[in-house]
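Worksheet: the structure to be examined is printed underneath.
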Amino acid sequence: MLAALIVLGSTPPSLPAPSGPFAVGTATQSYTDTSRRDLQNPAAPRSIIVQFWYPAKRTSNPQTEAYMSAQLLAALRADQYLNVDVKLLNGWDRISTHSYRNATPVAQPFPFFLFAPGLGMSRASYTTLAEELASRGIIVAMADHPYCGLSVYPDGKLRAYTAIKRKAEELVQDIADDQSFLLQELSKATPFGLKIDWSRVVVGGHSIGGAAALQTGRGNATIKGAIDLDGDVWGDVEASGTRKPFLTLLNRPGLPVQIPLGMQKERTEEWESVLAKSDVTARVITIGPAYHFTFSDVPFLLPLRVLRESGATMDPMRSRSVIARLIESYIKSDRGKFDKVAASIDEAQVLLRKDR
């Protein structure tokens, strides 16, 4: 984990603008799964907050969405987020995004990417990726899964991952059940006038959220495939593989970080085992020089020295471009075109592949 570092000044960091041709709109909605109970309050049903980012019409009176609330920032501080000096989080609640609140969506069907954050993370922590994909013509939905990350609910209460002790397998199944439930609800009614191209629906996530996306791929017939951003393998997927095509993107750190050969071999064998148990097309690709949090907003928020010490020496703008391009191609393209895109990216190296 990261060491305590220097104190930043009062000026908050900034997030880069998305590069695609579309303006980006955003809106938030809560969903209630009456078939399941809140883990801390069994008398109440399970409630899930979902934020959507989508291609939007440009407006002459834009109001951008805030990056995060003061309440969420306070929760990050209390959690000692990323194990850095909490002063490095100064001003994060004053950061501006490039998403326009409740903007009118472009009136045509777009591919859909349902994404789950990592353990102890929130949907806000992936804003740059969501905005970039939306600007390229993909509707992105990110859920704050209760008691899996850090999320402040409309009632002002925090549903933190630390509130209830859960095994990794249980967390993975909770998130996978949430994703299946949300897909079912969205198939009945899509909010905010959004139009989903249901032939190009992919689930994904980062870290434990990525592991959960593979689990969702075991039982959901709606989706085209799953994308795991640097998540390990847990539960049913570890035991029996998955049933939907998938893409896994793993970090590959540069110097000064040196991963022991034994650990590298163990990681490769883990994914070889999953591929052997899965009768699907799959790609496992390493991205580097990068580290675990390269797949989030962290490269734009912490000093470059922190990133370099963690082996993430790739330029943050380049890492966002590489990750977004691979995700976009996987969601929109066939296997042959995706392989050509991956081969054209120097920072992407195919570790394993399987063709069904």
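Under our numbering, the first residue of the sequence shown is numbered -3, with each subsequent residue one higher. Cβ coordinates follow ideal geometry from the N, Cα and C atoms, glycine included.
6 Å CB neighbourhood of residue i in its chain, flanking five on each side removed
i, result
"residue 324", "132"
"residue 199", "110, 175, 209, 212, 219, 222"
"residue -1", "Unreliable positioning characterises residue -1 in this predicted model, as indicated by a pLDDT of 37, which lies under 50. The coordinate reading is nonetheless provided below. Hits under 6 Å: none found."
"residue 48", "23, 137"
"residue 5", "Note that residue 5 scores a pLDDT of 45, beneath 50, so its modelled location is shaky; the value from the coordinates is reported in the next line. For residue 5, where only same-chain residues beyond five positions count, there are no Cβ hits under 6 Å."
"residue 225", "202, 206, 245, 291"
"residue 2", "Any answer about residue 2 is weak, because its pLDDT of 36 lies below 50 and its placement is not dependable; what the coordinates show is given next. If we look at residue 2 and ignore the five residues flanking it on each side, it has no Cβ neighbours."
"residue 282", "246, 248, 345, 347"
"residue 17", "none"
"residue 237", "270, 273, 274"
"residue 241", "221, 276, 277"
"residue 156", "146"
"residue 82", "73"
Same chain only: Cβ atoms within 7 Å of residue i, ignoring 5 sequence neighbours per side
i, result
"residue 334", "325, 326"
"residue 126", "49, 136, 138"
"residue 36", "159, 160"
"residue 95", "20, 21, 22, 49, 60, 61, 127"
"residue 336", "none"
"residue 31", "none"
"residue 65", "89, 148"
When the options are compared against residue i, the one with the closest alpha-carbon
i, options, result
"residue 119", "293, 17, 288", "293"
"residue 68", "106, 153, 261, 205", "153"
"residue 33", "44, 23, 25", "44"
"residue 117", "150, 205, 278, 287", "205"
"residue 50", "186, 242, 144", "186"
"residue 10", "242, 105, 124", "124"
"residue 103", "84, 193, 16", "193"
"residue 296", "91, 148, 66, 229", "91"
"residue 169", "178, 231, 71", "231"
"residue 316", "267, 338, 12", "12"
"residue 352", "302, 337, 274, 299", "274"
"residue 338", "57, 105, 279", "279"
"residue 353", "86, 264, 260, 122", "What is shown of the chain runs -3 to 352, which leaves residue 353 out entirely."
"residue 98", "299, 58, 298", "58"
"residue 243", "87, 134, 130, 349", "349"
"residue 263", "75, 228, 151, 314", "228"
"residue 27", "66, 46, 314", "46"
"residue 140", "73, 115, 130, 89", "115"
"residue 301", "66, 163, 64, 251", "251"
"residue 25", "259, 215, 234, 178", "178"
"residue 216", "314, 173, 312, 75", "173"
"residue 235", "257, 163, 266, 258", "266"
Residue span of the beta strand (DSSP E) that contains residue i, given as start and end
i, result
"residue 297", "From DSSP, residue 297 is part of no beta strand (DSSP E) but of the alpha helix (DSSP H) over 294 to 297."
"residue 177", "Residue 177 -> not in any beta strand (DSSP E); alpha helix (DSSP H) instead, spanning 164 to 184."
"residue 223", "221 to 225"
"residue 278", "278 to 283"
"residue 235", "Note, residue 235: premise wrong, no beta strand (DSSP E); alpha helix (DSSP H) at 231 to 236."
"residue 347", "344 to 350"
"residue 148", "Element bounds for residue 148: n/a, residue is neither H nor E."
"residue 41", "41 to 52"
"residue 242", "242 to 247"
"residue 189", "No beta strand (DSSP E) contains residue 189, which DSSP labels as neither H nor E."
"residue 15", "Note, residue 15: premise wrong, no beta strand (DSSP E); not H, not E."
Nearest-angstrom beta carbon gap, residue j and residue i [assumed within contact, 8 Å]
i, j, result
"residue 113", "residue 202", "6 Å"
"residue 276", "residue 239", "7 Å"
"residue 128", "residue 14", "5 Å"
"residue 148", "residue 40", "With a Cβ gap of about 17 Å, residue 148 and residue 40 do not count as contacting."
"residue 84", "residue 298", "6 Å"
"residue 8", "residue 86", "7 Å"
"residue 268", "residue 310", "At roughly 26 Å, the Cβ-Cβ gap does not stay under 8 Å, so residue 268 and residue 310 are not in contact."
Residue i - containing alpha helix (DSSP H), residue span
i, result
"residue 331", "331 to 339"
"residue 312", "312 to 328"
"residue 269", "257 to 273"
"residue 211", "204 to 215"
"residue 301", "300 to 305"
Own chain residues within Cβ distance below 8 Å of residue i, not counting five before or after
i, result
"residue 100", "21, 52, 53, 55, 189"
"residue 341", "318, 321, 322"
"residue 196", "107, 108, 220, 327, 328"
"residue -3", "With a pLDDT of 35 at residue -3, under the threshold of 50, the predicted position of this residue should be treated as unreliable, though the coordinate-derived value follows. If we look at residue -3 and ignore the five residues flanking it on each side, its Cβ neighbours are 78, 79."
"residue 249", "255, 284, 285, 286, 287, 306, 307, 308"
"residue 183", "194, 218"
Suppose only complete runs of 3+ residues qualify. What are the beta strand (DSSP E) ranges in the region 56 to 134, listed by chain order?
Segments of the beta strand (DSSP E) lying fully in the region 56 to 134: 60 to 62, 92 to 97, 106 to 112.
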